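Enquirer: Read left to right, the sequence shown gives residues 968 to 1277 (this note's numbering).
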Amino acid sequence: MHQFLPAMNARLLLKGGAGLLTMGGFGAYTYTKYQKGSLSPTVATMEPAQTPKLQTTTTTTPTQEANRIAVGRLLRRKTNNPHLESFSACRPLIICGPSGVGKSSLIKKLVAEYPHDFGFSVSHTTRGPRTGEEDGVDYHFTTTEDMLDMIKDGKFIEHAHVHNRIYGTSVKAVTDVTHQRQICILDIDVQGVQTVMESTAHVELNPKYLFIRPVSVDVLEQRLISRATDSLSAINQRVATASFELEVAAKLPFDEVIVNDKLDQAYHDLKQFIDGQRLKCKQCRDEAELNKKLGKNIKRMKTKKRTGSV
Ligand code: ADP
Ligand code: 5GP
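1. For P1220, count the other beta carbons within 10 Å of its own beta carbon; 16 or more makes it buried, fewer makes it exposed. Which is it?
2. Taking the alpha-carbon of E1125 as reference, which of D1116, K1119, L1115 and S1137 has the nearest alpha-carbon?
3. Let me make sure I understand the geometry here. Which of N1227, Q1161, P1181 and Q1204 has the alpha-carbon closest to that of K1218?
4. Does the contact criterion of 3 or more C-beta pairs under 8 Å hold for the stretch 1132-1150 versus the stretch 1074-1092?
5. Against chain B, with Cβ distances strictly below 9 Å, would F1123 count as a contact?
6. How many Å lie between D1222 and V1157 at the Cα?
7. Ends of the beta strand (DSSP E) at D1154?
8. Would I1155 pass as a contact of A1195 if the rule is Cβ separation under 9 Å?
9. Assuming H1091 and Y1106 are in contact, meaning their beta carbons sit under 8 Å apart, how far apart are those beta carbons, in whole angstroms?
10. Excluding the five sequence neighbours on either side, which residues of its own chain have a C-beta within less than 6 Å of the C-beta of F1240, listed in chain order?
11. Measuring from each Cβ to the nearest heavy atom of ligand 1, keep the ones under 5 Å and list them in chain order.
12. Buried or exposed, going by whether 16 or more other CB atoms sit within 10 Å of the CB of P1065?
13. Can you give me the C-alpha to C-alpha distance between D1113 and T1142, rounded to a whole angstrom?
14. When the distance is taken between beta carbons, is K1175 closer than 9 Å to I1061?
15. Determine the contact status of E1214 and G1067, defining contact as a CB-CB distance below 9 Å.
16. Bridge partners for L1237 per DSSP, in chain order?
17. What does the Cβ neighbour count give for K1271, buried or exposed, with the cut at 16 atoms within 10 Å?
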């Protein structure tokens, strides 16, 4: 698909920073750009092999604007809540990468090894569940109608059309995790990342951004085939989208890029990245330190009891 999006056009579009790139089916992309200090966006629609033409519009965004404001208000209400005065959330980790690159494998390993430290933001999607996927655990599987209603009501921090389906992160999905004082892991596509980077959520959530790369698109295709969860046409669509996603991602300011060649190495790299980021809030760090000290004291007391020393 990336032949429809020449590298130069992508650079042109992303250079300005603030904006949202959405895919309108194969070959046509819409880019909504918010000028600094203005709430009126300009929209550029790109047709295959066309240079984008910017045009002013007043019609596309009342809903988007309402959502942006509502999400900001919701997030602020959480952090301004007097009952949560001393609450400062751990920084979320946003993990992005093309479908089949191994995001779920890495996230599942992390949450399994550190169940108290990490929690997964359960997205909404209008795609159907795959074998083995559980509603409310892997995704909130929903209808397009309900999803659109929720979007209208400002329930989402971000949402995007991916592979002809809608995916989105609700405010609740994130706060459910952060209010447990866990590091919230979000698995979202490049469009979602761009929305977060350009919205109040970037400031409110203060997340870190990680991109997972495949060794090559061919390897990615092989993984999707061996995962055997998607039809051949769905795999083709995911592979085609991957090229576009890799191009867009290369221009976004991710904090780290990890190549998932060998899973163990990628997992090691992921943990190393997390270690260096200080994602835990001060309260959680203090608590961990206290527990460590308590643990040491209890150990010392047990040893004393066993050896009879005073
Ligand atoms: P994503 O969540 O990014 O769509 P998955 O975690 O589902 O990707 O991984 C896609 C497939 O590739 C799965 O079958 C998974 O077991 C496999 N896989 C993940 N990482 C590796 C790796 N490093 N080497 C080989 N296979 C992998
Ligand atoms: P899959 O259908 O393979 O589970 O996911 C397809 C793509 O949708 C992946 O790139 C994944 O990161 C992305 N995705 C999953 N949840 C969300 C979400 O809440 N928001 C956005 N923008 N993308 C999502």
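All C-beta atoms in this analysis are idealised placements derived from N, C-alpha and C, irrespective of residue type, glycine included.
Predicted model only: the values in this text are computed from it and were never measured.
Expert: In short, the structure shows the following:
1. Residue 1220 sits at position 253 when you count from the first residue of the sequence shown. It is exposed - the Cβ of P1220 has fewer than 16 other Cβ atoms within 10 Å.
2. Within the sequence shown, numbered from 1, the residue matching residue 1125 stands at position 158. Out of D1116, K1119, L1115 and S1137, S1137 has the C-alpha closest to the C-alpha of E1125.
3. Along the sequence shown, read from residue 1 onward, the residue named residue 1218 stands at position 251. Of the candidates N1227, Q1161, P1181 and Q1204, the residue whose Cα lies closest to the Cα of K1218 is Q1161.
4. Yes, since at least three Cβ pairs between the stretch 1132-1150 and the stretch 1074-1092 fall closer than 8 Å, the two stretches touch.
5. In the displayed structure, chain B is absent; only one protein chain is listed.
6. Residue 1222 sits at position 255 when you count from the first residue of the sequence shown. Residue 1157 sits at position 190 when you count from the first residue of the sequence shown. Going by the C-alpha atoms only, they are around 14 Å apart.
7. In the sequence shown, counting from the first residue as 1, residue 1154 sits at position 187. If you look at D1154, you'll find it in the beta strand (DSSP E) that goes I1150 to D1154.
8. Within the sequence shown, the letter at position 188 stands for residue 1155. Within the sequence shown, the letter at position 228 stands for residue 1195. No. Outside cutoff.
9. Your numbering for residue 1091 matches position 124 in the sequence shown. Your numbering for residue 1106 matches position 139 in the sequence shown. The Cβ separation is near 7 Å, so the contact holds.
10. Here the question's residue 1240 lines up with position 273 in the sequence shown. Excluding residues within five positions, the ones whose Cβ falls inside 6 Å are E1223.
11. Sorted by chain position, residues whose beta-carbon lies closer than 5 Å to a non-hydrogen atom of ligand 1 are S1066, G1067, V1068, G1069, K1070, S1071, S1072, R1190, R1194, N1227 and L1230.
12. Counting from 1 along the sequence shown, the entry for residue 1065 is found at position 98. So P1065 counts as buried.
13. Taking the sequence shown and counting its residues from 1, the one referred to as residue 1113 is at position 146. Taking the sequence shown and counting its residues from 1, the one referred to as residue 1142 is at position 175. Straight-line Cα distance between these residues: approximately 21 Å.
14. Your numbering for residue 1061 matches position 94 in the sequence shown. Your numbering for residue 1175 matches position 208 in the sequence shown. Going by beta carbons, I1061 and K1175 fall inside the 9 Å limit.
15. Within the sequence shown, the letter at position 247 stands for residue 1214. Within the sequence shown, the letter at position 100 stands for residue 1067. No, the Cβ-Cβ distance between E1214 and G1067 is not below 9 Å.
16. Taking the first residue of the sequence shown as position 1, residue 1237 is located at position 270. Beta-bridge annotation (DSSP): L1237 is not paired with any residue.
17. In the sequence shown, the residue the question calls residue 1271 occupies position 304. Result: exposed.
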